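First up is the structure itself, then whatever we jot down about it.
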Amino acid sequence: MLALPLALPGSATASDAEKRPAHPEQDWMGSTIMAHEGGDRAGGLGSRASARRGVSGVDVSSHNRKVGWSSLRKSGVRFAYVKATEGTNYTNPYFTHQYRGSYNSGMIHGAYHFALPDHSSGSTQAEYFAENGGDWSRDGRTLPGALDMEYNPYGATCYGKSHRAMVSWIHDFVQTYHEETGRHPVIYTSTNWWKRCTGNSGKFGRTNPLWIPRYGSSVGALPGGWEFHSIWQHTSSGHTVGDRNRFNGSYTRLKVLANGH
Numbered sequence: 003m004l005a006l007p008l009a010l011p012g013s014a015t016a017s018d019a020e021k022r023p024a025h026p027e028q029d030w031m032g033s034t035i036m037a038h039e040g041g042d043r044a045g046g047l048g049s050r051a052s053a054r055r056g057v058s059g060v061d062v063s064s065h066n067r068k069v070g071w072s073s074l075r076k077s078g079v080r081f082a083y084v085k086a087t088e089g090t091n092y093t094n095p096y097f098t099h100q101y102r103g104s105y106n107s108g109m110i111h112g113a114y115h116f117a118l119p120d121h122s123s124g125s126t127q128a129e130y131f132a133e134n135g136g137d138w139s140r141d142g143r144t145l146p147g148a149l150d151m152e153y154n155p156y157g158a159t160c161y162g163k164s165h166r167a168m169v170s171w172i173h174d175f176v177q178t179y180h181e182e183t184g185r186h187p188v189i190y191t192s193t194n195w196w197k198r199c200t201g202n203s204g205k206f207g208r209t210n211p212l213w214i215p216r217y218g219s220s221v222g223a224l225p226g227g228w229e230f231h232s233i234w235q236h237t238s239s240g241h242t243v244g245d246r247n248r249f250n251g252s253y254t255r256l257k258v259l260a261n262g263h
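Per this note's numbering, the sequence shown starts with residue 3, numbered consecutively.
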């Protein structure tokens with residue numbers, strides 16, 4: 003029996019209301035990458051050949067609404083990440099359907115948080131995420147939560163933060179999430195964003211698995227601190243669900259990531 007975290011967001015203050023994201027349904031994992039970095043949405047011929055190696059996965063959000071999980075499973079998809087939260091005022095209204103549906107189809111699944119570092123602290127957002135779908139379960143089929151760090155869809159690219167302040171914000175999120183769940187979150191980010199907004203910090207590569215978006219012939223150069231990637235988002239134009247991913251390893255290694263060993 004799958005136990006889903008109970009989503010009970012706290013009451014919003016006037017200040018919170020001012021920070022409410024304007025279009026969270028348009029903010030999915032990688033939604034800002036193509037606009038800022040370009041690339042072939044389909045990933046290119048080389049990408050499709052390279053992406054056949056590893057384990058196939060998808061990421062979804064409210065943008066995808068109700069997903070045909072059985073069809074995806076039959077097509078070879080073996081893991082899924084579902085957007086749970088954004089900032090501290092938004093929870094995905096399709097989360098339960100998507101999260102439970104992926105699990106019931108036989109997939110390994112996880113949840114992700116779309117970060118808005120100029121809205122509230124990293125600690126506050128990590129707590130909100132963990133309380134509204136992002137918690138981890140030691141059931142062998144739940145991946146650690148993922149922190150989506152990408153271009154600001156509402157304003158300044160780096161959310162008005164210096165390199166030092168951004169690294170501090172990420173550290174606070176990562177530390178709090180670990181305290182809440184016992185797991186280090188996956189960090190989703192592009193090399194270009196990481197260089198621009200953290201100064202190419204090398205502080206997280208030893209503890210946090212890397213999920214990198216690049217719609218080209220290969221993963222390319224990695225952000226500072228990481229010697230390898232764990233997940234590659236290689237296209238944003240899949241036939242059934244737009245965002246398609248590959249885990250960098252065997253299915254057995256994917257289960258190891260889920261188990262926390």
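All C-beta atoms, glycine included, are put in the ideal place defined by N, C-alpha and C. As the structure is a prediction and not an experimental result, all values here were calculated from the model.
Beta carbon of residue i nearer than 8 Å to that of residue j
i: His236; j: Tyr253; result: no
i: Asp245; j: Met31; result: yes
i: Trp195; j: Glu229; result: no
i: Tyr105; j: Ser64; result: no
i: Ile172; j: Gly207; result: no
i: Thr178; j: Tyr130; result: no
i: Val169; j: Ser122; result: no
i: Ala223; j: Pro187; result: no
i: Leu259; j: Pro211; result: yes
i: Gly136; j: His111; result: no
i: Gly262; j: Arg140; result: yes
i: Met36; j: Ser192; result: no
i: Val221; j: Trp213; result: no
Inter-residue spacing [alpha-carbon to alpha-carbon] between residue i and residue j
i: Gly184; j: Trp138; result: 8 Å
i: Gly142; j: Arg80; result: 14 Å
i: Gly226; j: Ala132; result: 27 Å
i: Tyr190; j: Ala117; result: 10 Å
i: Asp339; j: Asp150; result: The structure shown does not extend to residue 339, since the chain is modelled only from 3 through 263, so no value can be given for it.
i: Pro146; j: Phe175; result: 14 Å
i: Tyr83; j: Glu182; result: 19 Å
i: Thr144; j: Arg75; result: 16 Å
i: Ser77; j: Arg22; result: 37 Å
i: Ser72; j: Val62; result: 15 Å
i: His165; j: Gly40; result: 24 Å
i: Lys85; j: Ser107; result: 18 Å
i: Ala167; j: Ser219; result: 33 Å
i: Ala113; j: Ala128; result: 12 Å
i: Arg198; j: Thr209; result: 21 Å
i: Val69; j: Ser33; result: 18 Å
i: Gly201; j: Pro155; result: 20 Å
For residue i, three-class secondary structure by DSSP
i: Val221; result: coil
i: Tyr96; result: coil
i: Glu181; result: helix
i: Asp69; result: According to the sequence provided, residue 69 is Val. The question's Asp does not apply to it. Three-state result, Val69: coil.
i: Tyr253; result: helix
i: Ser161; result: First, the amino acid is wrong: residue 161 is Tyr here, not Ser. Coil, per DSSP.
i: Tyr156; result: coil
i: Val79; result: coil
i: Leu259; result: helix
i: Glu229; result: coil
i: Phe116; result: strand
i: Thr237; result: strand
i: Thr126; result: helix
i: Asp141; result: coil
i: His38; result: helix
i: Lys2; result: No answer is possible for residue 2: it lies beyond the span of the chain, which begins at 3 and ends at 263.
i: Ala132; result: helix
i: Ser58; result: strand
i: Pro211; result: coil
i: Asn106; result: helix
i: Asp29; result: coil
i: Ala1; result: Absent from the structure is residue 1, since the part of the chain shown begins at 3 and ends at 263.
i: Asp245; result: coil
i: His111; result: strand
Rounded Cβ spacing between residue i and residue j (contact assumed at less than 8 Å)
i: Leu256; j: Val60; result: Going by Cβ atoms, the distance from Leu256 to Val60 rounds to 14 Å, so no, they are not a contact pair.
i: Ser232; j: Asn250; result: 6 Å
query: Counting Cβ pairs closer than 8 Å, one from the segment 22-31 and one from the segment 75-95, do we hit at least three?
result: yes
- request: Please confirm if the segment 153-163 is in contact with the segment 95-102, defined as three or more CB-CB distances below 8 Å between the two stretches.
  value: no
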